[in-house]
Amino acid sequence: MVHEQGKSVLQKARLSIHRGVADRKVEMTICRHCTNPKCMDNCPTGAMNRNESGTVVIDEDICNGCGNCKLNCPFEAIIYIEDRNKYQKCDFCIDRKAGPACVEVCPVGAIVLKG
Ligand code: SF4
Ligand code: SF4
């Protein structure tokens, strides 16, 4: 989840946290689930879809690793998973019963889900 000097610590993370070397400023890069998602428009395989909750998701079984979604996302919210040659992004951890992992693990409660 945390990137230090360009290295990803956890490859499964669906968001990126960048810490400035000089000012130590912390910024989070995360999907906005856009109304008109450029990532989805430019996915040639149909792997990107919006589910019934409005969440833009990637179906890894269909994704061919072409990278078009990453190239077209204006928010740099898509992450390449090298060992699987797949791309992923925030999907509110739809595969976790407990909900988004970032909300659970943030020690100061800085991440809040709004309905
Ligand atoms: S990945 Fe980028 S373009 Fe796609 S919905 Fe998220 S923020 Fe929008
Ligand atoms: S990398 Fe996968 S999800 Fe992204 S555009 Fe290509 S097929 Fe679609």
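Quick note: the sequence shown uses my numbering, first residue 80, plus one each step.
Note that beta-carbon positions come from the ideal geometry of N, C-alpha and C, so glycine has one too.
Distances from the CA of N115 to each of I157, G133, R98 were compared; the closest alpha carbon is that of G133.
A contact between stretches requires three or more CB pairs, one per stretch, nearer than 8 angstroms, and the segment 139–148 meets this requirement with the segment 162–170. Inter-residue distance for S95 and C185 is about 13 angstroms (C-alpha atoms, whole angstroms).
Using a 10 angstroms sphere on the CB of R175, the tally of other CB atoms stays under 16, which defines it as exposed.
In terms of CA proximity to N121, C152 leads the group V187, A177, C152, V191. Following the DSSP letters along the chain, one finds K104 in no beta strand (DSSP E), marked with neither H nor E. For I173, the closest of M119, F154, V136 by C-alpha to C-alpha distance is V136. Here the C-alpha atom of G125 lies approximately 11 angstroms from the C-alpha atom of D140. DSSP, reduced to helix, strand and coil, places K165 within a strand of the structure shown.
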